[in-house]
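Below you'll find the structure, written out as structure tokens, and then a few comments.
Residue numbers (this note's numbering): 6 to 577.
Rendered as structure tokens:
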């Protein structure tokens with residue numbers, strides 16, 4: 006009957022591989038179980054990242070620049086491995102198995118990290134003076150790296166699949182479940198923020214006041230518990246079959262275009278190969294026409310005598326070619342957002358080192374240096390609340406649109422990050438002036454309040470609220486329907502490359518400005534360096550990057566308007 010809801014979900018199966026029954030699978034109960042593993046992942050990853058630099062400097066006796074690079078390399082690898090996790094989930098394992106496998110790897114990594122911080126033979130002896138400090142040896146650092154990169158592998162696999170598996174529990178074609186899916190996204194972001202908040206406060210406090218092995222042990226136990234809870238809901242989940250990775254589809258278009266690079270294109274695009282259903286086709290565009298050659302039909306491309314007449318590595322549909330073009334158009338904006346995450350990296354590395362040298366006592370309570378990153382979470386939540394409750398209604402009345410566009414939000418995030426770096430440079434000048442006028446022991450704090458660092462945390466944190474949502478909106482709405490997972494992975498690579506760029510900049514500045522006896526901009530002891538100049542350099546780079554972004558954004562807007570105009574003309 007018309008309007009009757011189907012008892013099964015069309016594109017989902019149950020744990021036995023049969024069509025998923027709507028009444029017995031999916032919905033809020035299994036989605037809630039999936040949210041549990043996300044909060045534990047955030048607790049582990051961020052709890053380690055925001056306070057790792059103090060452990061590397063204070064216990065492993067690495068220099069400030071080396072400590073910062075270990076953290077940024079760890080975070081960069083975590084986000085880069087999201088591509089591997091997404092590829093395995095789309096092509097072989099499926100999202101559920103990917104989550105279980107990689108969560109188990111992360112649990113093993115946190116357990117190894119807890120062990121490495123507990124055993125005395127896995128760290129160098131304590132320093133009794135700055136002249137008699139022995140750095141961690143190769144074996145000790147090797148065990149630490151093994152633990153960290155097991156966690157990075159686990160994080161990459163989880164990030165690529167958790168949100169997608171959560172949305173799999175709701176049917177987009179059912180209006181009631183579609184509304185529940187939107188609510189799930191809100192709760193998903195809330196749980197990410199809650200996990201980060203717990204990591205920056207409770208877990209960091211346990212690390213500093215009780216013991217790092219206890220804190221990392223809590224992470225390991227919580228992850229193990231979350232895995233067991235996830236497995237408990239096996240019979241209640243809806244599963245999607247593997248459809249193949251978009252990365253392979255992109256490589257097929259590139260391979261086909263290279264093989265036929267010497268061929269001439271037909272005068273009419275209608276002569277290019279196309280067998281996609283009419284409703285799913287993408288209109289031909291004249292940009293990147295070299296890729297159109299992948300859709301040129303040659304003798305032998307179509308063998309109707311076999312069950313599969315077309316080899317996708319030789320001949321691609323025009324729609325598949327246009328999908329690849331859509332992904333290429335994302336790259337200019339993609340490239341100009343990388344530097345934001347380089348500034349973000351400074352907030353969990355050098356800014357934490359700054360905080361460790363400053364006065365952090367309120368009444369009788371000493372705030373752990375890593376807890377300063379809680380202002381990130383506060384800035385994000387406050388910015389989102391103001392944007393939702395104030396800016397969107399005002400903008401709708403004034404401009405008639407529900408808030409800023411994706412490109413405007415990205416641009417605003419870049420501006421705020423530039424201001425954050427400028428503020429960081431100014432306040433570092435103040436901190437260094439105090440360090441030069443007050444001779445204190447290495448273990449004693451400088452007589453300057455740590456709260457002068459709050460503006461840089463708030464500015465970059467507010468920038469993250471805008472650029473994160475703007476990037477996600479940009480990459481998802483402007484990518485082809487069949488490559489949404491790939492576009493999300495592309496977004497996450499900006500985080501990865503931003504962290505790696507931070508490591509590169511630190512290494513270059515360390516070498517250029519002086520590497521002898523721990524001097525230069527990034528000295529072994531930041532009280533003897535010129536971190537303000539490094540922040541100033543980042544401010545200048547962010548300013549130049551913003552100008553380049555404006556050019557790329559204008560080009561993107563023009564291309565989008567032209568595409569929309571062409572579609573309207575075709576409809577006429």
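Don't be surprised by glycine CBs; every beta carbon is placed ideally from N, CA and C. Given the structure is predicted, the values throughout are model-derived calculations rather than measurements.
Applying the 10 Å Cβ sphere with the 16-neighbour rule, what's the burial state of residue i?
{"i": "residue 173", "result": "buried"}
{"i": "residue 60", "result": "buried"}
{"i": "residue 73", "result": "buried"}
{"i": "residue 39", "result": "buried"}
{"i": "residue 572", "result": "Residue confidence for residue 572 is low, a pLDDT of 45 falling below 50, so the modelled location carries little weight and cannot support an answer."}
{"i": "residue 453", "result": "buried"}
{"i": "residue 357", "result": "buried"}
{"i": "residue 390", "result": "exposed"}
{"i": "residue 576", "result": "A caution first: residue 576 carries a pLDDT of 44, below 50, which makes its placement in the model unreliable, though a value can still be read off. Counting Cβ neighbours within 10 Å, residue 576 comes out exposed, since fewer than 16 surround it."}
{"i": "residue 369", "result": "exposed"}
{"i": "residue 250", "result": "buried"}
{"i": "residue 332", "result": "buried"}
{"i": "residue 254", "result": "buried"}
{"i": "residue 175", "result": "buried"}
{"i": "residue 544", "result": "buried"}
{"i": "residue 486", "result": "exposed"}
{"i": "residue 570", "result": "Per-residue confidence for residue 570 stands at a pLDDT of 47, beneath the threshold of 50, marking its modelled position as unreliable; the derived number appears in the next sentence. Flag for residue 570 reads exposed."}
{"i": "residue 6", "result": "Note on residue 6: pLDDT 40, under 50, position unreliable in the model; the coordinate value appears next. Classification of residue 6: exposed, given that the 10 Å Cβ count is below 16."}
{"i": "residue 348", "result": "buried"}
{"i": "residue 90", "result": "buried"}
{"i": "residue 308", "result": "exposed"}
Given a cut-off of 9 Å, decide if residue j and residue i are closer than it, judged by their beta-carbon atoms.
{"i": "residue 165", "j": "residue 87", "result": "yes"}
{"i": "residue 325", "j": "residue 281", "result": "yes"}
{"i": "residue 407", "j": "residue 209", "result": "no"}
{"i": "residue 300", "j": "residue 320", "result": "yes"}
{"i": "residue 345", "j": "residue 77", "result": "no"}
{"i": "residue 411", "j": "residue 475", "result": "yes"}
{"i": "residue 353", "j": "residue 75", "result": "no"}
{"i": "residue 114", "j": "residue 67", "result": "no"}
{"i": "residue 17", "j": "residue 31", "result": "yes"}
{"i": "residue 205", "j": "residue 96", "result": "no"}
{"i": "residue 203", "j": "residue 112", "result": "no"}
{"i": "residue 496", "j": "residue 477", "result": "yes"}
{"i": "residue 116", "j": "residue 128", "result": "no"}
{"i": "residue 501", "j": "residue 492", "result": "no"}
{"i": "residue 278", "j": "residue 322", "result": "yes"}
{"i": "residue 378", "j": "residue 55", "result": "yes"}
{"i": "residue 216", "j": "residue 64", "result": "no"}
{"i": "residue 10", "j": "residue 25", "result": "no"}
{"i": "residue 292", "j": "residue 265", "result": "no"}
{"i": "residue 365", "j": "residue 439", "result": "no"}
{"i": "residue 460", "j": "residue 425", "result": "yes"}
{"i": "residue 338", "j": "residue 554", "result": "yes"}
{"i": "residue 262", "j": "residue 297", "result": "yes"}
Measure how close the beta-carbons of residue i and residue j come, nearest whole angstrom, since I'm counting them as under 8 Å.
{"i": "residue 270", "j": "residue 294", "result": "6 Å"}
{"i": "residue 362", "j": "residue 451", "result": "6 Å"}
{"i": "residue 234", "j": "residue 41", "result": "5 Å"}
{"i": "residue 162", "j": "residue 92", "result": "Incorrect: roughly 10 Å between the Cβ atoms, too far for contact."}
{"i": "residue 432", "j": "residue 458", "result": "6 Å"}
{"i": "residue 527", "j": "residue 69", "result": "6 Å"}
{"i": "residue 507", "j": "residue 350", "result": "4 Å"}
{"i": "residue 548", "j": "residue 423", "result": "6 Å"}
{"i": "residue 177", "j": "residue 186", "result": "7 Å"}
{"i": "residue 327", "j": "residue 289", "result": "7 Å"}
{"i": "residue 36", "j": "residue 200", "result": "At roughly 16 Å, the Cβ-Cβ gap does not stay under 8 Å, so residue 36 and residue 200 are not in contact."}
{"i": "residue 540", "j": "residue 429", "result": "5 Å"}
Quiz item: Can at least three beta-carbon pairs, one atom from the region 233 to 251 and one from the region 65 to 84, be found at a separation below 8 Å?
Solution: no
Quiz item: What runs of the alpha helix (DSSP H), each 4 residues or longer, lie entirely inside the region 113 to 199?
Solution: 143 to 172
Quiz item: Should the region 96 to 107 be regarded as contacting the region 153 to 170, the criterion being three or more beta carbon pairs within less than 8 Å?
Solution: yes
Quiz item: Would you call the region 469 to 479 and the region 410 to 421 in contact, with 3 or more CB pairs under 8 Å?
Solution: yes
Exercise. Could you pull out every unbroken beta strand (DSSP E) segment of at least 3 residues lying fully inside the region 434 to 500, listed in chain order?
Key: 451 to 454
Self-check item: Whole runs of the beta strand (DSSP E) within the region 506 to 530, excluding any shorter than 3 residues
Solution: none
Practice problem: Examine the Cβ distances between the region 152 to 161 and the region 44 to 53 and report whether three or more of them are shorter than 8 Å. | Solution: yes
Quiz prompt | Unbroken stretches of the alpha helix (DSSP H), 4 residues or longer, contained in the region 362 to 408 | solution = 379 to 391, 397 to 404
Quiz item: In chain order, which alpha helix (DSSP H) runs of at least 4 residues are fully inside the region 259 to 338?
Solution: 323 to 334
Exercise. Assess, as a yes-or-no matter, whether the region 555 to 563 is touched by the region 364 to 379 under the definition of 3 or more beta carbon pairs within less than 8 Å.
Key: no
Self-check item: Start-end ranges of the alpha helix (DSSP H) lying completely within the region 80 to 110, minimum 4 residues
Solution: 87 to 93
Exercise. Mind listing, in chain order, the continuous alpha helix (DSSP H) runs of no fewer than 4 residues lying wholly within the region 196 to 250?
Key: 209 to 214, 217 to 237
Quiz prompt | Residue ranges of each alpha helix (DSSP H) within the region 530 to 564, 4 or longer | solution = none
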